[in-house]
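Asker: I am attaching a structure below and will ask some questions about it afterwards.
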Amino acid sequence: MTAARLRIGIVGGGVGGLTLALALRRRGLAADVYEQASELREIGAAVALSANATRELERLGCLDGIVAASTEPSELIWRGGRDGLRVAAFPVAKGGAYRARFGAPYCGIHRADLQRVLGGAHGPDRLHLGHRLVGLTETNGVVRLDFANGLSADADIVVGADGIRSRVRRLIAGEERAAYSGTSAFRGIVPVADLPSLPDPQAIQFWMGPGAHLLHYAIGASGQDVNFFAVVEGPPAWTHENWVAPIGPDEAARAFAGWHPAVVEMVGAVPHAVRWGLFTVRPLQSWRRGRTVLLGDAAHAMLPHQGQGANTTIEDAVTLAELLAAYGAERFDEAMQRYHALRRVRTRVIQRSSWATNTVLHLPDDAIAGRAESLARFPERFGWIHEFDASAAMASRHAPRIG
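Just so we're aligned, residue 1 is where the sequence shown starts under the numbering used here, counting upward by one.
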């Protein structure tokens, strides 16, 4: 069977699934995308796309639409959560510094806008909505997908791009691998006009304090809104099945009482009925079983503190597309060995770094001097994440540089 005749089924119509379908199409392969929702939509508020993703989205012909709907931050700033003092800062859009270093932009975009751009590029053909996966069965190299609506489909290769609560992962790994981090978050979107105390509203900023931090960045074509993600320690255990827990009306505000007025304004600007548990995926021995393989959060969901969940998912997608085009079904095992070699170490290091970053952001106030020293080395310590070129890595015989 030639690569062009492969029957590829993608479970999940989010960022990873649509990017994979577009990347496959660019390489002459068609895929069917199965999405459980009845309409194409993204859950969540916003996403920050760094150069390691935007350079791939440009190659897929999507970047112009994304840039038109997004904001490029002026700076990256870390501040004390209570006094608001700048601990460290680096230019992003200012002086074109980020694009000059990494060759692609950094974009803050609402997830609905990102989904609209990717969905528009894909179009309705071979996109199957209302298809919730309930079963996978492989026989003689053919994978049967069964859906809750009573329909079924056959594929030569199935890709699980169905997120941290991946049904595909549970079916091929046999157990739930998502682990609660011991932290949770409140989030929202607030118009800049409603935040009179906020300095540098067009910057991406971390406000740090003991046991908590708040991240925000501007989104929208004119940066008119701010997306925030406020993280706190606890609760110590998570028992809510859907990973969202109800809270009292003042719980979010109490968590940030006494912080800088900009933080208090931001958290208080939206009603909070729930808190979001933050989960990661414990390392898997393998990302595939037979002819079924995982990508993105289904394989390596990470804490959001390096802002790399969506970005590494996009990296996975273009890498997997290139491998499937190059190796086809006959050399699928070889393709998967290469996929693991290219992706597992990088994503695991970023996953660990994201966890460690939470500790740095939650240090007590009297540790600010040490924290400032660490943050001052941020470009040197983490530039490798942003400079990574997934397409170029495919052409290299060596593993991608880490750190």
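Glycine residues also receive a C-beta, built at the ideal position from the N, C-alpha and C atoms.
Which term fits SER70, buried or exposed, when burial requires 16 or more other beta carbons within 10 angstroms of its beta carbon?
Answerer: Result: buried.
Asker: What residue from THR312, GLY211, TRP243, VAL142 has the CA that sits closest to ASN358's CA?
Answerer: The shortest C-alpha separation from ASN358 is found at GLY211.
Asker: Does DSSP put ILE350 in a helix, in a strand, or in coil?
Answerer: Residue state, collapsed to three classes: helix.
Asker: Nearest to ASP250 by CA position, among GLU233, VAL244, PRO261, VAL274, is which residue?
Answerer: The shortest Cα separation from ASP250 among GLU233, VAL244, PRO261, VAL274 belongs to VAL274.
Asker: I need the straight-line Cα distance from GLY123 to GLN36, nearest angstrom please.
Answerer: Answer to the nearest angstrom: the Cα atoms are 17 angstroms apart.
Asker: Could you compute how far the alpha carbon of ARG111 sits from the alpha carbon of ALA392?
Answerer: The straight-line gap from Cα to Cα measures roughly 27 angstroms.
Asker: Which word fits ALA395, buried or exposed, when buried means at least 16 other C-beta atoms lie within 10 angstroms of its C-beta?
Answerer: By the 10 Å Cβ count, ALA395 comes out exposed.
Asker: Quick check on PHE378: does DSSP put it in helix, strand or coil?
Answerer: Residue state, collapsed to three classes: helix.
Asker: Could you tell me if ASP297 is buried or exposed, where buried requires 16 or more neighbouring beta carbons within 10 angstroms of its beta carbon?
Answerer: Label assigned to ASP297: buried.
Asker: Does DSSP classify GLU176 as helix, strand or coil?
Answerer: In the structure shown, GLU176 sits in coil (DSSP, three-state: anything other than H, G, I, E or B).
Asker: Using only CA atoms, which one of GLY160, PRO261, GLY141 lies nearest to LEU133?
Answerer: Of GLY160, PRO261, GLY141, the residue nearest in Cα terms is GLY160.
Asker: Is the segment 328-338 close to the segment 365-381, with three or more CB pairs under 8 angstroms?
Answerer: Output reads no: the segment 365-381 does not touch the segment 328-338.
Asker: Sorted by chain position, which residues of the same chain lie with C-beta nearer than 7 angstroms to HIS340's C-beta, five sequence neighbours on each side aside?
Answerer: Excluding positions up to five away in sequence, the list reads TRP287.
Asker: What are the start and end residues of the alpha helix (DSSP H) that includes VAL270?
Answerer: Where VAL270 is concerned, there is no enclosing alpha helix (DSSP H), given that its DSSP letter is neither H nor E.
Asker: Using 8 angstroms as the threshold, is the segment 87-99 in touch with the segment 212-224, meaning 3 or more CB pairs across them?
Answerer: Counting Cβ pairs under 8 angstroms, fewer than three are found: no touch.
Asker: Quickly, what does DSSP pair ALA161 with across the bridge? List them, please.
Answerer: DSSP output for ALA161 lists no bridge partner at all.
Asker: Could you please give me the residues that DSSP links to PHE229 through a beta bridge?
Answerer: DSSP, once it has assigned bridges, lists ARG187, LEU215 as partnering PHE229.
Asker: Output yes or no for whether 8 angstroms exceeds the beta carbon distance between GLN308 and SER354.
Answerer: For GLN308 and SER354, yes; Cβs fall inside 8 angstroms.
Asker: Under a three-way DSSP split, which group does SER152 fall into?
Answerer: Looking at SER152 - three-state DSSP - the assignment turns out to be strand.
Asker: Do three or more CB pairs link the segment 147-158 to the segment 227-243 at distances below 8 angstroms?
Answerer: Short answer: they don't touch.
Asker: Between SER305 and the rest of its own chain, which residues show a CB-CB distance below 6 angstroms, the 5 nearest in sequence each way excluded?
Answerer: In the sequence on display, residue 305 carries His and not Ser. If we look at HIS305 and ignore the five residues flanking it on each side, its Cβ neighbours are SER354, THR357, ASN358.
Asker: Do the segment 129-144 and the segment 258-271 make contact, defined as three or more Cβ pairs closer than 8 angstroms?
Answerer: Not touching, per the Cβ criterion.
Asker: Threshold first: 4 residues or longer. Then list the alpha helix (DSSP H) segments lying entirely within the segment 3-32, N to C.
Answerer: Within the segment 3-32, the complete alpha helix (DSSP H) runs of at least 4 residues are 15-26.
Asker: Let me make sure I understand the geometry here. Which of ARG101, ILE109, ARG371, PRO91 has the alpha-carbon closest to that of LEU63?
Answerer: The candidate whose alpha carbon is nearest that of LEU63 is ILE109.
Asker: Looking at the strands, I want to know which residues DSSP matches up with ALA245.
Answerer: DSSP lists ARG275 as partners of ALA245.
Asker: Could you check if ALA310 is buried or exposed, using at least 16 other CB atoms within 10 Å of its CB as the buried criterion?
Answerer: Under this definition ALA310 is a buried residue.
Asker: Compute the Euclidean distance between the alpha carbons of GLY84 and LEU278, then round it to the nearest angstrom.
Answerer: Looking at the two C-alpha atoms, the distance is approximately 26 angstroms.
Asker: Between which two residues does the alpha helix (DSSP H) carrying HIS300 extend?
Answerer: Unbroken alpha helix (DSSP H) run through HIS300: 297-300.
Asker: I need the boundaries of the alpha helix (DSSP H) containing PHE102, first residue and last residue.
Answerer: Taken as a continuous stretch (DSSP letters only), the alpha helix (DSSP H) holding PHE102 covers 97-102.
Asker: To the nearest angstrom, how far is the alpha carbon of GLY12 from that of ALA245?
Answerer: Between GLY12 and ALA245, the C-alpha separation is close to 24 angstroms.
Asker: Please identify the residue among LEU76, MET302, GLU315 whose C-alpha is closest to the C-alpha of ARG343.
Answerer: ARG343 has its Cα closest to that of GLU315, out of LEU76, MET302, GLU315.
Asker: Using 10 angstroms around the beta-carbon of PRO191, count the other beta-carbons present and answer buried if the total reaches 16, otherwise exposed.
Answerer: Exposed, because fewer than 16 other Cβ atoms sit within 10 Å of the Cβ of PRO191.
Asker: How would you write the range of the alpha helix (DSSP H) that ARG291 sits in, first residue to last?
Answerer: That residue, ARG291, is in no alpha helix (DSSP H); it is neither H nor E in DSSP.
Asker: Are the CB atoms of ASN149 and HIS386 within a distance shorter than 8 angstroms?
Answerer: Not closer than 8 angstroms, so no.
Asker: Name, in chain order, the residues that DSSP records as bridge partners for TRP207.
Answerer: Its beta-bridge partners are ARG79, LEU214.
Asker: Would you kindly check if the distance between the Cβ of ILE189 and the Cβ of ALA30 is under 8 angstroms?
Answerer: No, Cβ-Cβ distance for ALA30 and ILE189 is not below 8 angstroms.
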